[in-house]
Amino acid sequence: RFHREVKYSMADMEEVFFAKECLAECKDAGLYEEALLQAESFLQQRIYDADLMFEAADLYFMAGDYSKALLWCDSILELDPQHKGARILMARICVLGDCPKDGLRFLDEVLVEDQTLNHQAAERIRYLLEYLSYRKDFSCLLQEHPLAKAFWENTAGRV
C-alpha cells in the first residue's frame with residue numbers, strides 16, 4: 013500500500029526525474045516491454061510517483077493488459093485520489109470492457125472536479141466519447157451523465 017503524502021528529498025526527486033526520462037525514452041523508441049520492465053523496477057525501488065506510475069499503467073493499457081493497467085490505476089489513486097489520467101484510463105478500460113456506464117461514471121468524476129483539462133486529457137475523453145457514439149444507446153447513456161454530455165456537446169470537432 014502507498015501513503016498519500018509522499019515527501020521527496022532532493023535525491024528522490026532526481027530519481028523520479030531520471031525514471032520518467034528513462035520511461036519516456038523507451039516509450040518514444042517503441043520499446044514498450046523495456047519500459048514496462050523499468051517501471052516495475054522503479055516500483056521495486058520504492059520510487060512512488062503518480063505520474064510515473066501512470067506511464068506504466070498506460071503502457072500496460074497499450075499492450076492490452078487491462079487487468080494490470082487497472083491495478084496500476086488503483087495504486088495511483090491511492091497516492092493521488094484526484095489523478096485525472098488514471099480516472100480517464102479506467103474509463104477507457106471500462107468502455108472497452110463493455111461497461112460504458114462505469115466508464116462514464118469515471119469521466120464524470122474527472123469532469124466534476126475541474127473543467128480545465130490539458131489537451132491530452134481532453135483529447136482522450138473526446139475520443140472515448142466518439143467511440144461510444146457508435147452505440148445505439150449513446151443518447152440514453154449521455155442522459156444519465158450530464159457532465160459527459162456537456163463535454164461532448166461543447167467540444168464537437170474542437171479537440
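Adding 12 to a residue's 1-based position in the sequence shown gives its number in this note's numbering. Glycine included, every Cβ here is placed at the ideal spot set by N, Cα and C.
| task | Taking L71 and A36 to be in contact with their CB atoms under 8 Å, please state how far apart those CB atoms are, rounded to whole angstroms. | result | With a Cβ gap of about 11 Å, L71 and A36 do not count as contacting.
| said: For Q94, report the span of its alpha helix (DSSP H) as first-last. | reply: Unbroken run through Q94: none, as it is neither H nor E.
| task | Would you tell me roughly how many angstroms separate the C-alpha atoms of L49 and V107, rounded to the nearest one? | result | 27 Å
| Should Y146 go down as buried or exposed, given a rule of 16 or more other Cβ atoms within 10 Å for buried? | exposed
| Straight-line CA distance for E11 to C38? | Outside the shown range of the chain, which is 13 to 171, sits residue 11, and nothing can be said about it.
| message | Please return the same chain residues whose Cβ sits closer than 8 Å to the Cβ of I100, not counting the five positions on each side in sequence. | response | F118, L119, V122, A133, R136, I137, L140
| Between L83, G76, A75, which lies nearest to M65 when the distance is taken from Cα to Cα? | L83
| Whose C-beta lies closer than 6 Å to the C-beta of R104 among residues of the same chain, with five residues either side of it excluded? | L140
| Alpha carbon to alpha carbon, what distance is there between K32 and I88? | 15 Å
| query | Nearest CA to the CA of N130: which residue from K96, M25, H157, S79? | reply | K96
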